[in-house]
Structures are given as structure tokens and as C-alpha cells.
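Colleague: First, the structure itself, so that you have it in front of you.
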Amino acid sequence: MTENDTRGSPYAPHTDAETQAMLDAVGADSEEDLFDIPEPVRFDGQFDISPRSEQSIRAELRDTLGRNDDLTEFLGRGHYDHYVPSLVDHLADRSEFLTSYTQYQPEVAQGFLQALFEYQSMLVELTGLEVANCSMYDAATALGEAATLSQRVRSVSGDRALVPERMAEGRRSVLENYASGSGITVESYPMADGNVDVDALDDLLAEDVALVYAENPTVRGTIEESLGAVGDLAHAHDALFCLGSDPVALALLEEPASVGADVVVGDASTLGLGTAYGMGIGLFATREEYLRQVPGRLVGVGEDDSGRRAYTLTLQTREQHIRRERATSNICTNQAWVALRTAIHAAWLGPEGLVDLAEDCVTLARDLAARLDDVDGVRAPAHDRHHFREFCARTERPAADVAAALQTEGFAVHVVDEHELQICVTDTTADAVDDFVAAVTEVVA
Amino acid sequence: MTENDTRGSPYAPHTDAETQAMLDAVGADSEEDLFDIPEPVRFDGQFDISPRSEQSIRAELRDTLGRNDDLTEFLGRGHYDHYVPSLVDHLADRSEFLTSYTQYQPEVAQGFLQALFEYQSMLVELTGLEVANCSMYDAATALGEAATLSQRVRSVSGDRALVPERMAEGRRSVLENYASGSGITVESYPMADGNVDVDALDDLLAEDVALVYAENPTVRGTIEESLGAVGDLAHAHDALFCLGSDPVALALLEEPASVGADVVVGDASTLGLGTAYGMGIGLFATREEYLRQVPGRLVGVGEDDSGRRAYTLTLQTREQHIRRERATSNICTNQAWVALRTAIHAAWLGPEGLVDLAEDCVTLARDLAARLDDVDGVRAPAHDRHHFREFCARTERPAADVAAALQTEGFAVHVVDEHELQICVTDTTADAVDDFVAAVTEVVA
Amino acid sequence: TQARWTDSEERYEPLLAEKDTTEVEIGGDSPLPDDLTRDSVELPSLSEPELARHYTRLSQMSYGVESGPFPLGSCTMKYNPKFTEDVAALPAAGVHPDRSDETVQGTLELMYRLQDYLGRIGGMDAVTLQPPAGAAGEYAGILVAKAYHEANGNDRSEVIVPDSAHGTNFATAALAGYDVLELPSAEDGRVDLDALEAAVSDDTAALMLTNPNTLGCFERDIEEIASVVHDAGGLLYYDGANLNALLGRARPGDMGFDIMHYNVHKTFATPHGGGGPGAGPVGVAERLAPFLPSPRVRRTDDGAFELFEPEQTVGKVHGFQGNWLVLVKTYAYIARLGDPGLADASAKAVLNANYLAAQIDYEVPFGPFHHEFVASAGEQDAADVAKRMLDYGVHPPTTKWPEIVDEALMTEPTEIENKRTLDQLAAAFDAVAAEDEEALDAAPQQTAARRIDQVAAARTPRLSWQALDEES
Amino acid sequence: TQARWTDSEERYEPLLAEKDTTEVEIGGDSPLPDDLTRDSVELPSLSEPELARHYTRLSQMSYGVESGPFPLGSCTMKYNPKFTEDVAALPAAGVHPDRSDETVQGTLELMYRLQDYLGRIGGMDAVTLQPPAGAAGEYAGILVAKAYHEANGNDRSEVIVPDSAHGTNFATAALAGYDVLELPSAEDGRVDLDALEAAVSDDTAALMLTNPNTLGCFERDIEEIASVVHDAGGLLYYDGANLNALLGRARPGDMGFDIMHYNVHKTFATPHGGGGPGAGPVGVAERLAPFLPSPRVRRTDDGAFELFEPEQTVGKVHGFQGNWLVLVKTYAYIARLGDPGLADASAKAVLNANYLAAQIDYEVPFGPFHHEFVASAGEQDAADVAKRMLDYGVHPPTTKWPEIVDEALMTEPTEIENKRTLDQLAAAFDAVAAEDEEALDAAPQQTAARRIDQVAAARTPRLSWQALDEES
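Chains as they are written, first to last, in the numbering used here: chain Z, 216 to 660; chain V, 216 to 660; chain W, 15 to 486; chain Y, 15 to 486.
Here you go:
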């Protein structure tokens, strides 16, 4: 079959006759002649990669990935699995979206530009801030960009960023890398029962702080109760207040603008992408006054020759391809297609659906915590707070043993401390809660 | 969540306010008022069908269909599972194709019309006949239509259709139904070692025969060696010669036109659809002289006001919506979308790929038969013929026992006689052949 | 404006065969002797990227329900929920049709559940899923009627069909070997009871009826109609094309129908696919169940599912079990809507038709309407009206049928449109109604192709690229 | 002509928010106390059918690789094989990133195999898959270089970047805290060895180089370049943007590069997605492996796969493991092509660029070319040329960059185009080359929107529908 024809790329359509005609046209004897590569650095070997048919690769990957255990995941800590409606896949997979490039020719890319403009607008509504870009890579890199922005826009030079002592490990590490290039140091402030310890934060604040970062919900799933105070403290020291969240949480919890957030970061792929082994999309929104310091792409509105409203990438002079080392960020390829997915998912839910989903995140976690608290040997939630999607549970048995036993029963949970598990419930796991409670009851005994 | 909102259809977008405004506009107090149904036939009950979310229905069907055993199928007998490339799904699922209607407004349906025109053209090439319609339901109904056509076009009135004694059960039953309405009786002619018994057929032929039907390959997978003779015999008695085949076989085996076929029927979904629990598409091609007696839709070429070539449904006066009881067929809804899939699959293979695939159908079956013949207690192939995709194998153990044992080992085969299995191998089962031979070796012992 | 991919002054997107073809010679290393093979095969030979572009462009030059409003009367162009595509694409949905019952319990159970759902919705006692389309369902139903009469030693030769009925009703009855008796409509567009009484006789095998009829009007005399037909020993056949008007409000079985088919690609929102595939399950009253096509599915005492052959089966109307993947989508749709959704679908379909009928300037005779109405283009040519409507970015209604209305514009918006879209549709109707012949003749301008001369195309049929080649 | 869905004289397809929005008040039955919630949220509120139409229309008003030729220089717009989408959609591909190693052996094995493939293709000893894009790969690579120098007690402050380099190189070095030293090109558009020798010093942390460079020309002096940098104690960084020119012909590792990133959405045909996601795996020579981002995957003695933290790791550049679904597609693409396919891809990419360069009327300076060339629009404005090319149904080249060519038209047809398509492209170039300013100014006419005033749009930034609302 042609499918298995291994003479060349199946996606290079040249017939032999065509290749010859083209070689003749350029006056070359062979394809090799066209490679202007000095002999010493020529590669004459093989990669030893056998070509396979698409049929066999599909079978191979079904098989390989099939080696993953089939677990029901009660995992969260910065990455959440909500049900993504079919509509998202079917529309986002349309090739005009999926296979297009960055919209440098807006006249022929109006559709994608409009979709990104709508994505930006949804985040403007959810955050209450005036400007949202059309994506960073993920929550961690968005936070990193917030740190570099804070240094650029802060009136007094500052080189400290204060972050919660408990945050997702990866997010902190990425932040430290971004910060280090700008000479910013990252310091932790203490938590009090899963929320910001406001007094402790106050003690740490000084004029050399550029950024105060808090999360809502926090990495442990608690809903932050002192956001307004944190914002006030940050502003009192002329630091930017950066809030981490996600679009589902934003639909219900305090509006970032109303608590003084200057930047909102987070992972917007809680809508539109599912777990995806950690792939996400960095949400980045900020105040209009920082517009010209925003990293990444922005879609704006203009007019075309027919006088109709048209969309275009705008303020590109901030970007690396124009400003090079003076750009606001080095980002070029971003997560535009994920932004499209997030927007479609949000639109599919509508405001009622989004708020309902967010309220479910509170009640599902609350109900599961209560049920686990009824199990002998478990105390949940560990923090005396309201929770969003997830919570910690203290176990009499070592948490690692409990998690291992649950794994055998087909469930994945986080171990966050010697006697502490973290458990996340979303709409995709809601149906499995009964089985999970039964399994926990069994394994903690 | 809105997803689970059970107040109405999720696909009816009316807000309550909108509904009220519309009711006001038509002067109705309620939706119920609009139903002009006499009280005695009003339905006031419930169907007792609970609405579910799309998420839960997806889970439900995964679960329900997951109760099917996971078997490797060596099944054929008129329905074949070839690998369908990803491209087919992705292109055919584009909503402009999938959700469109029959092309009664050709100006806005040029794309689908062209695709159907291309499908027709591919079948014209493969059959050598001048006219192919753009689909019947399946091979069986296409054969039924061939029978009614034979009676309409035959110069001397005839009411007998001769068919092979061995043919797919469902195909024969459908044919008998179609034939009976036209007063045609269906009679079997004998087979000789898996091919037409030409002498016996000759004995059965007379002036009252309207149609002689043969298959290539036959239902038992043998390649028919006497097609030319069958065609000559039919024509000598002024009967139409109808040949059953499929597009993969047609790419390699004798061209129907060259053996005198007047009509070609078969299942074109051997390209484009996979097993699909028997869903298919009826291939129907015939000579130009019978054009005005062809059942189903035809796409032709015309010109638009710009002078460019354009496509349109044509010769619609044959069809039921115009000619009613004098139509060539009652078919209305057909299998157009499957025709699109077949055409994309055929185009993806190209002629080289298609011929390679057809040649594989010969060699894979030949090789497997030879390997099984080496197994003690098995003789294969049962017929001393060339085969296409499938063959019969005689087993010393009762065939039903062997099949049951193979089922336990994860394989599905046909039982066609007390000591005879039928085994089909396609590109989707080629990789499993080693395991299958081992299983047969084990279970026949 | 629809996309219009133009290659030259002579054509839009070239044919596959005009891009590149290859002729492959067979022989040499063929695994078969020469006398069993053809000599060569010549077909398009294009790379996957080229094919992707070809079909992407073709798709953009087509118009589906997701392109805009599609109020094609009698066709019920509902939105086809995306998730139903995903469930039909589950690998386990597509097993081979000859698998043994015990190895396809999932498939059989789903068939069983769907039979059950459809029976409840139609008020029918037994259902077969086998017919692959509405007309195939009619055919299966009429075969059942014929077998029933024959089993009762009751040789009947006629099927009665109202003049406003779908063409398939006439053709189906003829295909089954019946004489067709056309019943003229009464003044109000409905069945004329006197004419019906005059028509029925010992020869009456069945009356085929659509309710609401193709004018969108409910046959209010349905009880009397049923009595007349039944008293004559005939059966009452329900054409399910317009069932979307009645979901949860009335059931064919309760109205006295003995046999019905369901157009799942209409009522239950499976995609029309540019003409098909659909599916046409058939439901019957208990006494007709033994005649249904074989096999059907039943549940055994131990809870397993099995195929069985009804005692007096008519045999088969499809080589296997019909358009199964379509039926999977049907199940998913019904499950999604459930009782409240199905009832709401009909309510909104009827509301939409009534609202739209009230908004447009064209005259709309007859009524009251359920899910559709037939306007009259009056002095204008309905076909021209349709072409011009295309320029307003909407799909036009079905035209020139039923003939009972002059220059008919048969309009069925379905429940998926909201007021905003209906107002746009009404604006398109009214804009065209106000235009002169010149504007209509010049239409359409905003479509992938301009007006096509279908008469000329039929005069010289060219049905393949080979036919085009011969010309040039 | 591209589809153009026009709503009125003021706009094309309306915004979601212009169709319908709902404001939902929070409170009442909220599960949270008021002080922890917002007051309300107002967002678009549309039915699924309406959304399907909205995005279908938007898609038709966009242009992808499957719409037609897309010879965007430096962007490598290859065809994205459909089957790679299907493998990335396998449910098992999308597990949670925090699963324990033993429960995701399939994922880890696939990561391991892909690391191995990439290592072989680039001639690199160790690979990380974590960077989510090319620029992120550059950043990870420069962090590794920095950590390496620091570990060697070797404080270096400068990164050297040729003037023709991608803007990301400059921005990345700056983000990592380096001073950027711009290296002017030689007459032939390549690295000026003398200038390089003058530029290197004890402060040189790295030279970032693209090869072939953005003019499509191979840096023939690569061995000398490597010596100069290495002799100064610096590292050589390979920007993988143009790797499609070299597959199977030369490997960065063999040329002396110490660090490289792979643009899988260029070289390995994963979709660009309208700007992303891509992925930017990084390969390094053995001595740099200990500094790679954490975690990486290795195979244990018992054949299992596990994540591990490289000894002197720089930490992380992505919150989890990067754009995993993109990497699954990468693996599938490489497996589909294998050695012969990868080599053929480069051969045809280079042949296509050379052929197209030879066909067009515009002047094409420099050379010989590998996978791309930069033509000059001469007296014409390259941006206008691009707009006018759109009218010929093709996507134009990258314009006005690199600045080393006046009115640059940077053109990369990739291997997916055949002679027929290249001839069409050449015809489009030549038609535009022959046109006057008036024709160019009036372009484009055949696109979803007409020429857009981007300067005006930037002057008054309106970045949300809320901003539009405020105006009106």
C-alpha cells in the first residue's frame, strides 16, 4: 500500500517526473546538490527511525498509552479536569483555525482574530480588569511575566516578590527563573490555616517589594478570605498585587478588580482542555495603565476599507519581533488555539452554566469533605475554610500508605504531608464519589 | 449546570421572555394553544424518558457498548473492515457537508455536488460503465433496484431473476422483497466449487429471465472465473447481467464492462466506513442506455450565469418527488455522506494505493489459507479457486465448536457449514494473523 | 457571502481528476493470473495535503445547518448535536454485523432500549430499527401490511394516498406492487372524509397519511378517518415526516395508526449528510408485530439480549441491520432531551412556525399551523424567490410543493431558531417579496456559484469526468 | 474568494456579546457567604446551535494550511497530518500531570522515546520536552548555559546574536538577564567571522545562531564559528526554527552546537493553531545535561520509566511538563516519516524553495538557498504586495524582514507544495509584480475583510467588547 510506502514523506506530493523537472529548472543534478553543506559537517548516517503507517502508529500509541493505569483522578493542585463539551473539539478542530498561523495578515484571519478578541473580553468581564492578552503558556509563566511586569511598571525600584509559602511547586520554580533574569528575588510569606497570614505578610512588606502574589482558591483549595486586605497592603507599599485564579473560580469568587488586583494570572484551560497532562493556557489580565507593558499578543479593533469593524493584532511594538531585547517578553508562539477552546467552552456554558459549575465546585468539595469526615480515621477538611473543588484531609494512617492503597482501588489522590491527602472533585469525578468514599472507608481502616 | 437543566430542549434557544413575546405576536396564550389537536387524541402522559447531560450519555454509551466483547474479527461475507484514514473523518465531519440537505439549491451546494460527481466518476472508472448514481442504501437494496430496473428495460417481458445458490442471506431476502412487488421470482442457480456452474445456469436460462446475478468475489471469497461466459449467456437470452462487487475488488479484478455487465451493484463502504455494524452504501452503476431508468439521484454538469462549470442534481423527473408512483424507485434519503467518505478514502489511496490494497486482499487471504492448511485438522482453502480477502476452511472438529473456542481466545469467524468456517483477512486484521494461526492450531487439536 | 474558490473563467475548484491522475497497469507482479484481472486503473493521484485543501474548499462552497437558517419545509433541518457524533464514533459502536449475539450484548441492549424509546414516543407496540431511511421505512411498513392481509386471506390491491402526500408514499406503494389511489384534499387542505368513504373498499390495503399534513395542518378528523379505513378492513399508515410537530402532545398509535415510520434524521436530529444516511425505524400495533422484518431484538428471561426472527416476518429490507451509526445518534439525542426536551422541541417548533408565518408579507393560506406553513409567492416565481433569498445569507424554503398552494414556499423553521433569527428570516422573505423580476432573475449573487441552468444540464446529461473528457 | 459573512454596513459577523448576554446575580442560593463572592457576572448567553454557526462562520473567515498555499518564511507552514490529531485525542493521552510514575508508564515511555528520537535527529545527547514553545526553548537553553557557566565559576554577561536572527533570540537573552551583543552580517548575509572574533570575549556566554539563517543560507563557516566561540569559553546555541532544511543532511550536534531547541510546530508539522500551542524541546551535549529543566524521564534497570531531577537542574520553565498533546503529535509525525521521510521532507523543502525562487520575477539576492529565500519587492511596498497576493487566493510571504533585504518577501513554500502549486504561487508573485500602486493600494478585495487600518487601531486601542460598549 501507498500508506506503507517508505520512499519519502507521504506529505511531499512530488512525483519522480515532477522532481526531475524541478531539478532541471534550477539546474541541479540531484536534490543533494542543493544542500550547501561543507563535507565535514554533513550527516551521512541514519537516525534508525523506521517509518510506519498511520494505522500502525495509531495502534502503537493506543497500546503504549494504554499502559497508563485507568484511574479515577481526584487530583487538582493547579490543574483541573472539567468536562469539555463535544462542541469545543468539533469547532476548534476546523482546519481554518487549527492550521492557521499568527494573524499577521488580518484581512484573511478575521475569524480567528474575532474569537481571540472575544476570549479577551470574557476575561475582562471575569477579572474586572481592562486588558487581557490572548495567552501566555500557562499559569506559571503568566506569573513569571507578572513579576517582570511589576518591575517595569513599579515607580520605585523593587526587587522582591512575595508569594505564599504553599503554592504549586512548578509555579514557584518557573517564577524564580523569570524573576532571576530581572534580578528579582522570590520570598515566601506564611499561611494561616490555608489562607494568607495577613499580619505576617505585613511584616515582610517594604518599599523594595515589587509584587505580592496571592491565590484564590489557594493551592490547597481554600477560598481566600483576606484578598482585600492583601491588596491594600500591597498598594500601601506601592507593590503590585497579583492574583492567581482561573475562569471557573472567577465566575463566582470575589472579582479581582474589586479587591485591588493589578494583575490576574492563572490557567484558563480549566475551560476547554481537560487535564491534558498539564498542558494549559496562561491567563493574563491587568489594568489599562500597564497596557504598553503587557507581554504577549493583543487583538484590537479597527476598521477596514468598507468601513466595517475589523480585528487586528495591535500594539505589536511591545513584541519581540519588533522590539527585540527591549520587548515586554520573549513570547512568540503562544496558546492561541487553547484560547479559542476556552472561549467556546465558556460560551457554551453561558453565565448561568459557568456560575452553576463554579457553585458545584464549592458544594461537591464541601459534600465530599463532609462524607470523608464521617469516616473513622479521616478528618476533612483540614482547614477551617470554605473550599473550591478541593481540600486537604488528615489521615491517621500515613497518607502515602492511604494513597497507595487507593491507587490499588483505582483512585489517584495527592499526598501533601505525612498525614495529609489532598482531594479534588470536579464534574468529571462527581459520579465516582460514592465509590471513592467506599474505597477510602476501606483503606483507612 | 445548564447542561443538566431539564426544563426544555437544550437546542431550542428561546428565553422565557422571547417565548412570551412570540406568543403575544401570534395571539396565543400558551404554547399548548397552538396545538390544534382534538382532545380525544391528545397525549397527556409521559414517555418516562429522563433527560441526561451529554457528559452522562457519553459515559452511558461507553459503558453499554463496552459490554461488547473485544474480539479480533475475521469476518466478511459482504461486509469488510478496511482501515479508514483519519483524513476521511476530519473532512467528512465538516458541518457544511454533514449537516446539509439534498442539494435542491445547487448554487449554495456546489461543494457537496462536486464531491458526489467525483464519487460517480470514480465508479464509472472502476466499473467501466457510463453511469453511476450517487448512492443506494446498501448492496442488498442496490441489487433489489437492479431487479426492478431489469424488468423495466428488458425488451421481452420476463419475471425470473437467477441468483447464485450461495449469497449473503440478507441480500437474497431484500432482493426477494423488491422483486415480489414487480412480480419477479428469484431462483437459485448452482455453484461449482465456489464459482458459477455455467452449464447449470445455461439450463435454467430462458426468455422469461430478466436478470442474471453473479458476484465477484463471491460470498465465499472465491474469484469468479467465468464472468464472461455468464455475461454471454445472459445476453443470449436477452437478460440483463448484474454483477455484485465492491470498489476494492473492482480495482483489481476483471472490469465489469469487459465481461458484459449491464449493472454493477455492491457495497462501496468497503472504502470509507469500516464495519459500522453493517451500515454501508449501495453502489449502483449501469449502461448509458438505461440512464432514464436509473434509481436514485444523479449529479450532472451545467453552467452558471458566470459561464463557469457548475454541478446540479439532474434528471430528477425519474424520482419519486416528481413522478410519484411512476418513479424509478421510492428512494429519497440516500447515503450521500457515505459516498463522500468513500470518495475521500479512494482519493487518499490513489490508484496505486487502491491496487496495492486489492492485491493485499488476495495475498493476505492466500497466505493465511496456506498457513491454516498446514495446521493438522484444517484444510484451506476449501475451494480450489483464487480468493479475495476470505476463504472457507474445513475443520475436522465441528466448525461451531472451533468457532466457539476461537471466540474464547478473542477471535470471531463465520461458521458456514457443519465442518466449514469462513475466514476473512483485511488490512485491519493483518497484524493479528500470527495470533490467530496460533489460536486455531490450539483449538482444533 | 459564501466562499467562492475560482480556478479560471471556466470553472471553480477543479475536479480531482483535473489536478492529477495516474494510470496503474496491473500485471507483472500481480498475485492473480492475467485473465482474472483488469488491465489498468486510472484514478486521481493526489497527496493528502492536496486532498485536505480540495475538500476544505468544497465544504466552504456548501451550506449546512451550521452555516445559517435552513427552513426547508418537510425536511426538519434541526441542529445535529456534536456529542452524538462522538458517541457514534466510539470504536465499540462499529462491530461487524455478523457477530454472535453473546459477543455484542452492548449493541443489542442499545438497540433494545432504542426500540423501547421509539415505541413509547409513537405509541407503538413493536419497533424494528432496520429500515435505512424514511422511504425504506414506508416500504417495510407496507410490506408488513401486505403480509398481514395475506395472512388473513385477504387479498387487497390498493393503497390510498392523499394528493398532498410525500412522493415517496406513492412510489413505495407502487414498489410493493399496489395500485395507488390518489385522494383529493378538501377545501381546508385536509382529508376529505366523503371522498375517503367513497374511496375505501374491499381492495383497500392501507391509507398512508402524514399528520400534521404537508401544509402543517393537523387532520382533525383523524378518529373518523381511522374508523372509515378500519371499517373497510384497511390499515392506517403514519408517515413520520412531521412527527416533530407532535412530540409529547399526540401519538400516532393513540390516533389509530397501525403502522408508522420514524424519520430519525428529521425528528431526532441526526444529520442529513447532504442527502443521507438517515434511518426509518418502523413501529406497529401488536397484531402486526409478527410480520416485522427480521431480525429484531428481545430480552431473554436471564436478562441477556438476542436477535430473533418474528414468526411471520416479511424478511429483510436491508442487508444487515440498517444504518446503525445513525441509530446510535438517535438514542443519544432522545436521551439528551428526555420527556421535557422532546415536548419542548415540539412546542418551540410550532411556536416558531406560527410566529414566522405571522411576520412575513407573503400570503399564507390554510392553517392553523403546527411545525410548518406553506406561503404563496403569488405573482412571483417561487423558484426565483428561493434563489434571491440565498443572497440574504439564508437557505430558502422548499418551493413549488405541495401543489395545492400556488408558487408554494413551504417553510419549517424548527425549534432551533430564536426570535432574532426568525426576524432575520422574515426580513429576507419581505425584502424579496418587495423586489422586481429583474432582481430575482439576477439572483443569486452571494453564493459559491451563480444561477445554474438546470434545464440545459438535464438536456445533455454529463454525469462523470469521463463524460466531460469525451467532450473536450 | 474567502467567505465574508456580513451583518450590516457596520460589521461582519457580530460579536457573541452583541447577539445575547445575560447577567447572572450571585447570592440567594449561593453556597458561599456574600463577602466571598462577586455580585454578578454578565457573559454571552447563546444556544449551542447559535454557537456552532458563529464559530463556523468565523472559521470560514480564516485561512489555514488547508485553505491553500501558505509560504510564510521562517514559519514552516507544513501540512498537519490528521491522524496526529486522533492520537493526541486518545483519552489516555490526557492524564493529570501529578499522577505517580508507576501509574503513567505509557506516558513516560512515550516521552522517553520522543526524547530519544529528537536526540538522534539533532545529534544531541540529552533532551527535555518541557519548554512549551520555541522561545521557551531558547529560554530554557540559555538558562542551562547560564547555570553551566555559573557552575564552572565562570561569570559571563553577554550573549551574541547576529543581526539577521529571530527577535526571540534577543528577547530571550535579555529575559535571562544577559546583555545582548548584535553581530552585523557579512556581505553574503552570513556570519562575519572577523566581526565574531572581535565580539567574543571572556564575557561571552553564548552565540545564538540559526542555520540555515533567515535568508535561507547555510553558515558554511560553521566549524570556524564554533571554534571561535568555544575557544572564548562560550557555548553555541542552535535556534531550531530552520531545521526543516537539514533533516538527515546535517545535525546541529555534529556542527558543534552545544544547545538547541526544536520547533516541533515547524519541523515536525504540529499545527500552529493560529499562534500556538507549539512546543520547544531542548537538546544539549552531555556536559550540559545535568543542568536541564526538571523533571526528565529515564529508563530504570528493570525497564520501567521514571521522572528524575537532573543534578544541577535549572528548575522549571513550565508549570508541568509542557505542551504534552503537541508532543504526542510530534512523535506520531516522526514515526510516520522515519528516516526516509524526514530526509525527503528536507530535500523537497529545499527543492521547492530553489524552484520557486527561480520562477519569480522579483529579485532574489543572496543564496544558494535551502528551505527559504528572501525576495525583494524593490520599488513596491512589501506589505502592499502581500495584501495584493491575498487576492490571488494564496497567503503571502513574511514581509519586511529580515531587514537586510529591502522590502523583503521571505518565502518558505515547504515540501508540501508540488510543482503545480508552486507555479500558481509564482504566477501570483509575478502578477502582483506587474501591477501598479493603485491596484496594490486597493487590495485586498477577495478576503473576509478589506484592507484594515492597523495604525488607527493601535492609536486607540480597543481590546474588548466592553471597550466598544463604552464608546457607543
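Note that CB positions come from ideal geometry on N, CA and C, so glycine has one too.
Keep in mind that this is a model prediction, so the values were computed, not measured.
Within the continuous beta strand (DSSP E) that includes A147/Y, where are the two ends?
Modeller: From DSSP, A147/Y is part of no beta strand (DSSP E); its letter is neither H nor E.
Colleague: Using C-beta distances below 8 Å, list every residue in its chain close to K33/Y, excluding the 5 sequence neighbours before and after it, in chain order.
Modeller: P58, L60, E64 and H68
Colleague: Report all residues from its chain with a CB closer than 6 Å to the CB of E300/W; omit the five preceding and five following residues, and keep chain order.
Modeller: D139
Colleague: Runs of 4 residues minimum, wholly inside the region 394-463 of chain V: which ones carry the alpha helix (DSSP H) assignment?
Modeller: 413-419 and 442-451
Colleague: Counting only Cβ pairs nearer than 8 Å, list the residues of chain Z close to E269/V.
Modeller: By Cβ distance, chain Z contributes P300 and S301.
Colleague: Here's the rule I'm using: 16 or more other beta-carbon atoms within 10 Å means buried, otherwise exposed. How should E345/Z be labelled?
Modeller: So E345/Z counts as buried.
Colleague: State yes or no: is the beta carbon of Y316/V nearer than 8 Å to at least one beta carbon in chain W?
Modeller: Chain W contact via Cβ: present.
Colleague: For S315/V, collect the residues of the same chain with a Cβ closer than 8 Å to its Cβ; drop the 5 residues on either side in sequence, then sort them by chain order.
Modeller: A324 and F327
Colleague: Rounded to whole angstroms, what is the Cα-Cα separation between S76/W and L306/V?
Modeller: In this structure, the straight-line span from the alpha carbon of S76/W to that of L306/V is close to 13 Å.
Colleague: Under 7 Å between beta-carbons, which chain Y residues line up against I430/W? List them in chain order, please.
Modeller: P63
Colleague: Residue ranges of each alpha helix (DSSP H) run of no fewer than 4 residues wholly in the region 534-596 of chain V, ordered along the chain?
Modeller: 535-538 and 551-588
Colleague: From the DSSP output, read off the bridge partner residues of H629/V.
Modeller: Q637/V
Colleague: Quick one: is G287/Y near chain Z, going by C-beta distance under 8 Å?
Modeller: yes
Colleague: Measuring only the C-alpha atoms, how far is A476/Z from L455/Z?
Modeller: 8 Å
Colleague: Say whether chain Y places a C-beta atom closer than 8 Å to the C-beta of E567/Z.
Modeller: Closer than 8 Å to some Cβ of chain Y, the Cβ of E567/Z qualifies, so yes.
Colleague: Quick one: which chain V residues come within Cβ less than 8 Å of K92/W?
Modeller: Y226
Colleague: Could you name the residues of the same chain whose beta carbon sits closer than 8 Å to that of T314/Y, not counting the 5 residues immediately before and after it, in chain order?
Modeller: E320
Colleague: Determine the burial state of Q270/V: buried for a count of at least 16 other Cβ atoms within 10 Å of its Cβ, exposed for fewer.
Modeller: buried
Colleague: Measure how close the beta-carbons of G151/W and P379/W come, nearest whole angstrom, since I'm counting them as under 8 Å.
Modeller: In fact, because the Cβ distance is near 30 Å, the residues do not count as touching under 8 Å.
Colleague: Taking the CB atoms as reference points, tell me whether F443/W and D375/W lie closer together than 8 Å.
Modeller: yes
Colleague: Against chain W, does Y428/V count as a neighbour if the rule is that its beta carbon must be under 8 Å from one of theirs?
Modeller: no
Colleague: Using a Cβ-Cβ distance cut-off of 8 Å, determine whether A66/Y contacts chain W.
Modeller: yes
Colleague: From T474/W to G517/V, what does the alpha carbon distance come to, in whole angstroms?
Modeller: 9 Å
Colleague: For T508/Y, go through chain V and note every residue whose CB falls closer than 8 Å to its CB, in chain order.
Modeller: Nothing about residue 508/Y can be reported from this structure: the residues present for chain Y run from 15 to 486 only.
Colleague: Under the rule that 16 or more other beta-carbon atoms within 10 Å means buried, what is E218/V, buried or exposed?
Modeller: Note that E218/V has pLDDT 45, beneath the 50 cutoff, so the model's placement of it is unreliable and the number below is only indicative. Burial of E218/V is indicated by the presence of at least 16 other C-beta atoms within 10 angstroms of its C-beta.
Colleague: With C-beta atoms as the reference, is A618/Z less than 8 Å away from V628/Z?
Modeller: yes
Colleague: My guess is that N94/Y and A283/Y are in contact by the Cβ rule of under 8 Å, so how many angstroms apart are they, rounded?
Modeller: Yes, they are in contact, since the Cβ atoms of N94/Y and A283/Y sit about 5 Å apart, within 8 Å.
Colleague: So what does DSSP say about R512/Z, is it helix, strand or coil?
Modeller: coil
Colleague: How would you list, in chain order, the residues of chain W whose beta-carbon sits under 9 Å from the beta-carbon of Q119/Y?
Modeller: Chain-ordered listing is empty here: chain W has no CB closer than 9 Å to the CB of Q119/Y, the nearest sitting near 23 Å.
Colleague: Between H297/Z and chain W, is the shortest Cβ-Cβ distance under 8 Å, so that the two count as touching?
Modeller: Not closer than 8 Å to any Cβ of chain W, the Cβ of H297/Z fails to qualify, so no.
Colleague: Any beta carbon from chain Y within less than 8 Å of H450/V's own beta carbon?
Modeller: No, its Cβ sits nowhere closer than 8 Å to a Cβ of chain Y.
Colleague: If we count Cβ pairs, one from each stretch, closer than 8 Å, do we get three or more for the region 284-292 of chain W versus the region 265-274 of chain W?
Modeller: no
Colleague: Assign E123/Y to buried or exposed, taking buried as 16 or more other Cβ atoms, counted over all protein chains shown, within 10 Å of its Cβ.
Modeller: Within 10 angstroms of the beta-carbon of E123/Y lie 16 or more other beta-carbons, which makes it buried.
Colleague: Check each candidate in T656/V, G359/V and A647/V and name the one with the smallest Cα separation from E391/V.
Modeller: G359/V
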